[in-house]
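Okay, so here's the structure we're looking at.
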Amino acid sequence: MRHRRLGPGIAGVVAWIALVGAGPTVPSPSFPAPALERTSKGIVIVSQSTGGQLIAADIVVPAGLAQQSPGNAGVAGVTAALVLRTKVDGGASLADAAARVGATVSYTLDQNDTRFYLEAQPGQFGTLLHGLVDALSAPATTELSTVRAAAIAAAQADAASPAVAALGMLRQIAYDGTGYAYPDSGRQLSLNKLSAADVAAFASSYRQGQGTIVALEGAVDESVVAKVRTEFANFASASSASNSSPLQPPSTRGAGSHGSPIQNSVARGNEVVTHRAVSAPWVAVGYPAPNMYGADFPAMLVIEALLGRGGDVHSFALGSDSSLPDEFVGAYYQYEAQPGMLAIFLNGSDANVDASVRDLQSAVNRLRGAVLPDAIVDHGRRLAIGQYFTGVSTLGDAAWMLGRSAASTDGPNFENLLPLRIAQVSSADVRRVAQRYLTGESIGIVLPQTPTQR
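If you're matching positions, the sequence shown starts at 7 in the numbering used here and goes up one per residue.
If you want it as structure tokens, here you go:
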């Protein structure tokens with residue numbers, strides 16, 4: 007499990023260390039110009055030729071955690087895992103075939119989509135892409151019992167994590183009525199009942215043209231794009247009614263659309279308590295937030311930086327090559343969800359968790375109150391811009407950001423416009439956005455188990 011204790015801490019926020027200097031300078035453009043096309047089936051293919059010896063493809067298919075029903079929570083992860091275990095040419099599983107040639111294939115679960123990532127040398131890329139696309143149409147349900155058992159074990163382990171439990175309570179509040187309110191790993195009861203028919207039904211949404219995005223990075227040329235075009239030619243022309251294109255994220259039940267009115271006070275919302283085998287209390291405080299395509303997104307990134315970011319948007323992302331953290335302290339901004347969520351994690355290893363909560367509330371009140379000095383906001387802008395660029399430092403990061411950018415109304419140029427927009431965030435913007443979003447406070451509390459609960 008990942009352990010995360012990053013960021014300056016809430017007490018440091020209250021001190022508001024002022025750094026004086028000129029505003030941050032951002033290169034423009036920050037990334038090479040991409041090419042984008044939309045096929046007759048509605049599939050978006052976006053490519054960015056950055057050279058090197060590898061090709062990376064981030065393949066977004068329009069079926070994610072929110073598309074699960076209460077009775078099949080966990081089917082998203084099980085189906086994606088079965089894709090990697092599907093046999094390809096030569097009889098090996100897709101994951102093994104990739105590993106044998108030094109390539110990488112993995113998946114990550116998101117709210118409204120599943121992302122499959124393929125990274126390989128040009129000589130192997132076409133064959134592995136063909137195997138992946140075939141596996142999307144018919145995951146290896148013969149492996150269901152093995153994958154289901156692994157999923158149940160993962161769900162039990164994740165349920166023991168205080169950080170995951172705290173975030174899970176906030177998600178139940180914010181996304182009630184959707185599959186995104188359930189644990190990413192699934193629930194043991196529903197996992198036990200998953201059938202091959204459930205997997206096939208969920209996988210049928212993988213091959214919908216509308217909502218599918220293929221983002222290519224690295225040693226990309228026209229032959230690579232042509233190969234992608236051919237492999238995805240058999241996808242369906244329209245998405246099913248139950249799924250939405252990531253190009254137009256659906257409205258999800260929960261507070262916090264970017265059109266909500268500005269509030270003048272922080273309202274205490276839901277407070278949920280659970281118990282785990284921990285030595286001291288854990289607390290997560292959640293606020294509604296804009297998603298990454300909202301006009302207020304750049305200002306919220308600055309706010310996140312000022313509050314002390316604990317990790318990036320993928321810190322709680324469940325996938326084949328990642329696990330959920332059992333410890334996390336600081337701010338976590340889930341901006342890929344609709345609506346977004348800003349969560350602040352505190353834990354009992356601090357000297358006094360109650361004092362930490364009061365420090366957080368003081369910081370939020372400071373953000374919402376008088377306009378902050380320019381030096382403080384400049385510090386936040388610098389942090390947010392630095393975090394953005396360091397978060398797009400690998401080939402996989404670049405493919406992810408390119409795909410998400412292609413889904414925005416700005417198109418692929420979103421990735422170049424975002425740091426420029428962060429650099430333009432003003433003190434007045436920070437105050438306005440804090441007043442708009444940092445209002446409906448929800449709290450998840452994880453307490454130590456009593457002797458009778460152990």
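Just so it is clear, CB atoms sit at the ideal spot from N, CA and C, and this is done for glycine as well.
Quantities reported herein were computed from a predicted structural model and do not represent experimental measurements.
Express the C-alpha separation of G417 and R289 in angstroms, rounding to a whole number.
-> For the purposes of this step, residue 289 is taken as residue 283 along the sequence shown, with counting starting at 1. For the purposes of this step, residue 417 is taken as residue 411 along the sequence shown, with counting starting at 1. The sequence given here has Val at residue 289, not Arg. Those two C-alpha atoms are separated by around 38 Å.
* To do: Out of A169, Y113, I61, point me to the one whose CA is closest to L330's CA.
  => As a working mapping, residue 330 is identified with position 324 in the sequence shown. Ranking A169, Y113, I61 by Cα distance to L330 puts A169 first.
Q: Take the Cβ of G15 as the centre, count every other Cβ of all protein chains shown within 10 Å, and call the residue buried at 16 or more, exposed below.
A: On the sequence shown, position 9 is the one that residue 15 refers to. Only weak support is given to the placement of G15: the predicted model assigns it a pLDDT of 38, under 50, and the question is left unresolved by the model.
message: Out of K93, G183, V220, which one is the CA nearest neighbour of K47?
response: Sequence index remark: in the sequence shown, residue 47 carries index 41 (1-based). Between K47 and the set K93, G183, V220, the nearest pair of CA atoms involves V220.
Quiz item: With burial defined as no fewer than 16 other Cβ atoms inside 10 Å of the residue's Cβ, what is the status of S285: buried or exposed?
Solution: Position 279 of the sequence shown, counting from 1, holds the residue named residue 285. That one is exposed.
- Query: Quick check: the region 51-58 against the region 102-122, are there 3 or more CB pairs under 8 Å?
  - Reply: Judged by Cβ distances under 8 Å, the region 51-58 makes no contact with the region 102-122, as fewer than three pairs qualify.
Next on the checklist: Contact between the region 315-333 and the region 179-191 is defined here as three or more beta-carbon pairs at a separation below 8 Å; is this criterion met?
Outcome noted: The region 315-333 vs the region 179-191: in contact.
- prompt: What does P189 pair with, by DSSP beta-bridge criteria?
  reply: Taking the first residue of the sequence shown as position 1, residue 189 is located at position 183. DSSP output for P189 lists no bridge partner at all.
- Determine the direct distance from the alpha carbon of P145 to that of A206, and round the result to whole angstroms. Translated into the one-based positions of the sequence shown, residue 206 becomes position 200. Translated into the one-based positions of the sequence shown, residue 145 becomes position 139. A direct Cα-to-Cα measurement between A206 and P145 gives close to 8 Å.
Best match in V234, P425, I350, V226 for proximity to M298 [C-alpha to C-alpha]:
Within the sequence shown, the letter at position 292 stands for residue 298. Here the closest residue by C-alpha is P425.
Practice item. Return the CA-CA distance between G137 and F208, expressed in angstroms with no decimal places. Key: Counting from one through the sequence shown, the residue named residue 137 turns up at place 131. Counting from one through the sequence shown, the residue named residue 208 turns up at place 202. Looking at the two C-alpha atoms, the distance is approximately 19 Å.
### Query
Which residues bound the beta strand (DSSP E) around G174?
Here residue 174 corresponds to residue number 168 of the sequence shown, with the count starting at 1. First-last for G174: 168-180, but that is the alpha helix (DSSP H), not the beta strand (DSSP E).
task: Check whether the Cβ atoms of R388 and I428 lie closer than 7 Å to each other.
output: Taking the first residue of the sequence shown as 1, we reach residue 388 at position 382. Taking the first residue of the sequence shown as 1, we reach residue 428 at position 422. No; because the gap between Cβ atoms is not below 7 Å, this pair is not in contact.
**Report entry** Contact check, V84 vs A157, beta carbons under 7 Å
**Finding:** The residue you call residue 84 lines up with position 78 of the sequence shown. The residue you call residue 157 lines up with position 151 of the sequence shown. The answer is yes: Cβ separation under 7 Å.
Any idea what DSSP makes of S243, helix, strand or coil?
In the sequence shown, the residue the question calls residue 243 occupies position 237. If DSSP states are grouped into helix, strand and coil, S243 belongs with coil.
What three-state label does DSSP hand P294 in the structure shown? As a working note, residue 294 is residue 288 in the sequence shown. Reduced to three states, the DSSP call for P294 is strand.
Using the rule of at least 16 other Cβ atoms within 10 Å of the residue's Cβ for burial, across every protein chain shown, is L195 buried or exposed?
Residue 195 sits at position 189 when you count from the first residue of the sequence shown. Exposed, by the Cβ-count rule.
Separation of L312 from G375, as counted between CA atoms:
On the sequence shown, residue 375 is found 369 positions in, with the first residue counted as 1. On the sequence shown, residue 312 is found 306 positions in, with the first residue counted as 1. For G375 and L312, the gap between their C-alpha atoms comes out near 15 Å.
Legend entry - Limits of the alpha helix (DSSP H) - the one that N132 falls within: In the sequence shown, the residue the question calls residue 132 occupies position 126. The amino acid occupying residue 132 in the given sequence is Gly; Asn does not appear at that position. Note, G132: alpha helix (DSSP H), 128-143.
So the candidates are G185, F238, H281; which of them puts its Cα closest to the Cα of P454? Reading the sequence shown from its first residue, position 448 is the one you call residue 454. Residue H281 holds the alpha-carbon nearest to the alpha-carbon of P454 among G185, F238, H281.
Do you know how far the Cα of V32 is from the Cα of T396?
Within the sequence shown, the letter at position 390 stands for residue 396. Within the sequence shown, the letter at position 26 stands for residue 32. In this structure, the CA atom of T396 is about 14 Å from the CA atom of V32.
* **Option in I51, L60, H320, A434 with minimal Cα separation from E125** => Numbered from its first residue, the sequence shown carries residue 125 at position 119. Nearest option by C-alpha distance: L60.
Item to complete: Look at the alpha carbon of V452 and the alpha carbon of N358, and state the distance between them as a whole number of angstroms.
Response: As a first step, residue 452 is located in the sequence shown; it is residue number 446 there, counting from the start. As a first step, residue 358 is located in the sequence shown; it is residue number 352 there, counting from the start. Straight across, the Cα-Cα distance linking V452 with N358 is about 15 Å.
Handout entry: Backbone CA spacing between Y339 and G96 [nearest angstrom]
Key = Counting from one through the sequence shown, the residue named residue 339 turns up at place 333. Counting from one through the sequence shown, the residue named residue 96 turns up at place 90. Cα to Cα, the separation comes out at about 43 Å.
Review point. What runs of the alpha helix (DSSP H), each 4 residues or longer, lie entirely inside the region 370-427?
Key: With a minimum length of 4 residues, the continuous alpha helix (DSSP H) runs that stay inside the region 370-427 are 380-396, 401-412.
Practice prompt. Starting from the C-beta of F351, find all residues in its chain whose C-beta is less than 7 Å away, skip the five residues before and the five after it, and write them out in chain order.
Written response: Residue 351 sits at position 345 when you count from the first residue of the sequence shown. Within the same chain, F351 has close Cβ partners A169, A172, A290, G316, F334, V335, G336, Y338.
*Which residue from A62, N419, E149 puts its Cα closest to that of A39?*
Here residue 39 refers to the residue found at position 33 of the sequence shown. Selection A62, N419, E149 evaluated against A39 yields N419 as nearest (Cα-Cα).
Q.
What does the Cβ neighbour count give for P379, buried or exposed, with the cut at 16 atoms within 10 Å?
A. Here residue 379 is taken as the residue at index 373 of the sequence shown, counted from 1. So P379 ends up on the exposed side.
- Message: What would DSSP say about Q54, mapped onto helix, strand or coil?
- Response: For the purposes of this step, residue 54 is identified with residue 48 of the sequence shown, where counting begins at 1. Reduced to three states, the DSSP call for Q54 is strand.
Self-check item: Helix, strand or coil at I309 according to DSSP, with G and I counted as helix
Solution: Here residue 309 refers to the residue found at position 303 of the sequence shown. Note: I309 maps to helix in three-state DSSP.
Exercise. Helix or strand or just coil, what does DSSP make of D64?
Worked result: Numbered from its first residue, the sequence shown carries residue 64 at position 58. In the structure shown, D64 sits in a strand (DSSP, three-state: E or B).
query: Closest by CA to T236, which one among L348, T45, S362?
result: Residue 236 sits at position 230 when you count from the first residue of the sequence shown. The residue with the shortest Cα to Cα distance from T236 is T45.
- Task: Can you tell me which of the three DSSP states K93 falls into?
- Result: For this step, residue 93 is matched to residue 87 along the sequence shown. Here DSSP, grouped into helix, strand and coil, assigns K93 to strand.
Tell me the rounded alpha-carbon separation between F238 and V139. Counting from one through the sequence shown, the residue named residue 238 turns up at place 232. Counting from one through the sequence shown, the residue named residue 139 turns up at place 133. Roughly 7 Å separates the two Cα atoms.
task = Using only alpha-carbon positions, find the residue among G224, R364, Y443, A62 that is nearest to A305.
result = Translated into positions along the sequence shown, residue 305 becomes position 299. Of G224, R364, Y443, A62, the residue nearest in Cα terms is Y443.
query = Which residues in the same chain have their Cβ closer than 6 Å to the Cβ of R91, if we skip the five residues on either side of it in sequence?
reply = For the purposes of this step, residue 91 is taken as the residue at position 85 of the sequence shown. These residues qualify, in order along the chain: S99, A146, E149.
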